[in-house]
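Chains as they are written, first to last, in this note's numbering: chain V, 0 to 272; chain D, 0 to 272. From the three backbone atoms N, C-alpha and C, an ideal C-beta is built for every residue, glycine too. Below: the structure, in structure tokens.
In structure tokens, the structure reads:
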């Protein structure tokens, strides 16, 4: 049997009772660690589960999925993923492969940022399309997500912006040399996201007028949602460049039309600077 | 301390380890049971927690929230909710009240239909605005959600349709008599949802042409997501009227533009009739 078990958002105790029972009976346990991060390390999980845990990086999950699956016909194999199993395309792909190989599988759901984001008081049914903001480089500055923010906002919908994570990304040099070398992990802060958005706004406003979004638009910055030291801030996009929300993971919300209850709730997170 | 603890989607073991530890130390436990349903009864939860559990219906949660909160200044009080604590506006409202009364609170997240719906293979970042389809009566047939489905679909986005639940709803007569009498619980099936949508389509097509949605549009029907007997079906809206997905809760998805992986994944749920 192949299990994909969501670990939730923060620490070892966010696993469900059902998930924990399964992990304890498994023969082999992989921990996927490149589409998100948990606020615990492998050792803490190992202690909680009293089991050996193999880190499954991008190479293992995307290129050697068969290696993870091959034993699952006879043994109990678990892939632990941060958040919910269906947060990343990769996991859908691996389940499809299991299905094709006739390997029985079970999914253990958990919280993901997509529903936990409700903790800022914005109603989940008022969110539009989710977007991802990638790290810009000196030569690559995509901005296609910006139109989606505007489109949501024009319809009164909030936009959850997932911020880029780079874990075990091969360096450009290493791809050319065909010898793998990795960049240090990078997690986008709300500051970088705000800076990139302001730059897009700046570029746009040279040509067009009448945006429904500007540097004074109030946004919500979120950090480490689900953990005991989570932080939420409600301030203008311009101020968002300067706030300090601490360690990753960060997310950003560009709200649409606020209802009274949403506004009341967000008020508690207003920037006091 | 006031805790709102998500129970997840299906059975007693979907609570997180952290949630279970908190429940076990609480002095008083309420179970909210009108915005969703769990596939277990109060007795099973009682056995799992070894605690007395008070059912909190709409009246108690919405009108007597202060009653739940009043003891939380000195005692440990938990409100258990199905799915994630922020799935329903009601829970946001009660946290806001706790905040106003200076009552410390903690949220324990869990899976909700909003993220677990990824189990059908549709990618969560390709969903647009979530809608709710209410039960029609002979005189009240709202259809404002239909424009939202079209708007999502025109942008290539999937629409998750949450289907109406009526638990402990006062009868019209009882409201007039000012003596509370309740209707039997009702849970909308994908069949009823499909019938109502087809009727809206029918009404529209008398006037307008060129809809991006018709009775042949392939949709996804989902039942009891997260439980061991969950069912998913991928068929036309017309066929959706006739399928049998069994017991509640049901949800319906009107897909937007399907990516290859999504199409491959959905294929396994194709209606074989």
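Residue i: contacting residues in chain D (beta-carbon distance under 9 Å)
i	result
residue 283 (chain V)	This structure does not reach residue 283 (chain V), given that chain V is present from 0 up to 272, and the question cannot be answered.
residue 95 (chain V)	120, 260, 263, 264, 267
residue 16 (chain V)	11, 12, 13, 14, 15, 16, 18, 19, 47
residue 31 (chain V)	Going along chain D, no residue has its Cβ under 9 Å from residue 31 (chain V), so there is no contact; the nearest lies around 15 Å.
Cross-chain neighbours of residue i in chain V, by beta carbon under 9 Å
i	result
residue 286 (chain D)	Absent from the model: residue 286 (chain D). The displayed extent of chain D is 0 to 272, so no value can be given.
Proximal residues of chain D, C-beta to C-beta of residue i below 7 Å
i	result
residue 108 (chain V)	7, 8, 110, 115, 225
Whole-Å CB distance - residue i paired with residue j, under 8 Å assumed
i	j	result
residue 211 (chain V)	residue 236 (chain V)	Contact flag wrong, Cβ pair sits at about 13 Å.
residue 28 (chain D)	residue 79 (chain D)	6 Å
residue 77 (chain V)	residue 21 (chain V)	6 Å
residue 119 (chain D)	residue 253 (chain D)	No, residue 119 (chain D) and residue 253 (chain D) are not in contact; Cβ-Cβ is about 12 Å, not under 8 Å.
residue 162 (chain V)	residue 249 (chain V)	5 Å
residue 114 (chain V)	residue 255 (chain V)	Contact doesn't hold; Cβ gap of about 18 Å is too wide.
residue 181 (chain V)	residue 168 (chain V)	6 Å
residue 134 (chain D)	residue 185 (chain D)	7 Å
residue 247 (chain V)	residue 52 (chain V)	Not confirmed; about 21 Å, so no contact.
residue 232 (chain V)	residue 242 (chain V)	5 Å
Chain V contact residues for residue i, given Cβ-Cβ distances below 7 Å
i	result
residue 62 (chain D)	In chain order: nothing, as chain V lies at least about 16 Å away.
DSSP beta-bridge partners of residue i
i	result
residue 160 (chain V)	V:130, V:251
residue 264 (chain V)	Residue 264 (chain V) is not bridged to any residue.
residue 165 (chain D)	D:185
residue 203 (chain D)	DSSP output for residue 203 (chain D) lists no bridge partner at all.
residue 269 (chain V)	V:233
residue 258 (chain D)	According to DSSP, which records beta bridges pairwise, residue 258 (chain D) is partnered with nothing at all.
residue 80 (chain V)	V:5
residue 31 (chain D)	D:55
residue 15 (chain V)	D:15
Nearest to residue i (by Cα), restricted to the options the options
i	options	result
residue 258 (chain D)	D:10, D:124, D:191	D:124
residue 83 (chain V)	D:192, D:52, D:108, D:176	D:108
residue 65 (chain V)	V:94, V:18, V:249	V:94
residue 116 (chain D)	V:111, V:9, V:31	V:111
residue 226 (chain V)	V:128, V:4, V:234, V:11	V:11
residue 278 (chain V)	V:230, V:245, V:81	A question about residue 278 (chain V) goes unanswered here, because the residues of chain V that appear run from 0 up to 272.
residue 149 (chain D)	D:126, D:47, D:169	D:126
residue 25 (chain V)	V:73, V:56, V:39	V:73
residue 47 (chain D)	D:62, D:13, D:56	D:13
residue 190 (chain D)	D:224, D:170, D:234	D:234
residue 130 (chain D)	D:75, D:170, D:1, D:143	D:143
residue 100 (chain D)	D:128, D:89, D:68	D:68
residue 2 (chain D)	D:97, D:156, D:141	D:97
residue 224 (chain D)	V:228, V:89, V:214, V:85	V:85
residue 23 (chain V)	V:4, V:40, V:43, V:50	V:50
Residue i, buried or exposed, once every other Cβ within 10 Å from all chains shown has been counted against 16
i	result
residue 164 (chain D)	buried
residue 54 (chain V)	exposed
residue 132 (chain D)	buried
residue 261 (chain V)	buried
residue 153 (chain D)	exposed
residue 266 (chain V)	exposed
residue 137 (chain V)	exposed
residue 87 (chain V)	buried
residue 105 (chain D)	exposed
residue 18 (chain D)	buried
residue 202 (chain D)	exposed
residue 31 (chain D)	buried
residue 159 (chain V)	buried
residue 239 (chain V)	buried
residue 187 (chain D)	buried
residue 222 (chain D)	buried
residue 244 (chain V)	buried
residue 199 (chain V)	buried
residue 62 (chain D)	exposed
residue 15 (chain V)	buried
residue 91 (chain V)	buried
residue 193 (chain D)	buried
Chain-ordered chain V contacts of residue i [CB-CB under 8 Å]
i	result
residue 4 (chain D)	Those do not exist, as residue 4 (chain D) stays about 12 Å from chain V at its closest Cβ, beyond 8 Å.
residue 212 (chain D)	Near residue 212 (chain D) there are no residues of chain V at all, since even the closest Cβ is about 18 Å away, more than 8 Å.
residue 128 (chain D)	124, 125, 126, 127, 154, 156
residue 92 (chain D)	260
residue 83 (chain D)	110, 114, 115, 117
Within chain D, partners of residue i - CB distance below 8 Å
i	result
residue 86 (chain V)	114, 117, 123
residue 98 (chain V)	267
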